[in-house]
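Working notes for the structure below.
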Amino acid sequence: MRILEGTSTEPVVTRKPRDDELDVFGLTHPGKVRPENQDHFLLCSLRKEVAVHLTSLPGLDQISGGTERVAFLAMVADGVGGGMRGEEASRLAVEAVTEYVTQSVRCYYSGSAEDEEFARSLEDAAQRCHDEVVRRAGQEPESAGMATTLTLWLSVWPRSYLLQVGDSRCYMLRRGELIQVSRDQTMAQELVDLGVLTREAASKTPLANTLSSSIGGSQTAPLVTRFDPEWDSVGLLCSDGLTRHVSDERIRDRLRSMTSARQACHDLLEDALDAGGEDNITVLVGRMVRRDLE
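This note's numbering puts the last residue of the sequence shown at 301; the count rises by one with no breaks.
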């Protein structure tokens, strides 16, 4: 498990945020070029049952949980494989990991599990998703070759965890500075890490769009990062339909000036569409806003 640089051993936020202190929103758009949307996302609170806030998944009922929120879950999956194969892979990944997390409530709800236990649970969830996508692809010839990214944020007081497979990204705006928490799992990034390519050169090669790790692909290498929450810090999950068109500087400026998560999502979507919108675009934004001075 990777620990975000600068993360302390003690939580920065000294109490669990209330429901009314969570400002979260998400949206997905097919873009201007693609005939279908292969992205899926989910935002939900984990209680004794799942309270869904927003999702692109059809048929997932809104559940009003009456018990205390014990965890918060957000994820983005960007399907690859062409046509409906990519859409099916991303849908399966979101559905499978949601089912796994809700069935594993004892670990998450107890709050007593160690960091390594959480990391193993999330890695296991990714592996189960991978196995399910591979199984489905093997059963249905028309689904051969389908795969998806999976970027998942799980907040279990007093820690937060990021699960990363593929190149959908997680950013954090902390104290006005934008940090890319995730690491792109692409062939281009692998060459950058080896010192073969510069970051600028890597962004211009086709290898920037070739995944070295995915759910359902030839290799899956889930990476878990732990970090601590801070009041007014902003988290962003997105598919590469946003980042291929919108620079980190523009993302930083949008998050710095945001008045709400909803407004930030819509502004970033418009930025991506105005720049061409050549791919599906999914944006999730969340922050904790303190409502008292205690």
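Backbone N, C-alpha and C fix where the C-beta goes; we use that ideal spot for every residue, glycine too.
Straight through space, the alpha carbons of Ser162 and Pro236 are spaced by roughly 9 Å.
Cβ contact annotation for Leu159 (same chain, cutoff 6 Å, sequence separation greater than five): Met82, Leu170, in chain order. Counting C-beta pairs with one atom in each stretch, the segment 182-202 and the segment 123-134 have fewer than three that are closer than 8 Å, which means they do not touch.
Per DSSP, reduced to three states, the secondary structure at Asp30 is strand. For Arg294 against Asp239, the beta-carbon gap comes to about 6 Å, under 8 Å, which counts as contact.
Taking the Cα positions, Asp278 is about 11 Å away from Ile288. Shown here, Thr158 sits in a strand according to DSSP, grouped into three states. A contact is defined here as three or more CB-CB pairs under 8 Å, and the segment 269-285 meets this definition with respect to the segment 248-261. In the structure shown, Gly173 adopts coil according to DSSP, grouped into three states. Secondary-structure assignment with DSSP links Thr289 through a beta bridge to Thr35. Note that the C-beta distance between Thr156 and Ala84 is below 8 Å.
DSSP, read as helix, strand or coil, puts Leu99 in helix. According to the DSSP assignment, Ile258 belongs to no beta strand (DSSP E) but to the alpha helix (DSSP H) extending over 255-263. Your pair Lys23 and Trp164 checks out as a contact, with CB atoms roughly 4 Å apart and the cut at 8 Å.
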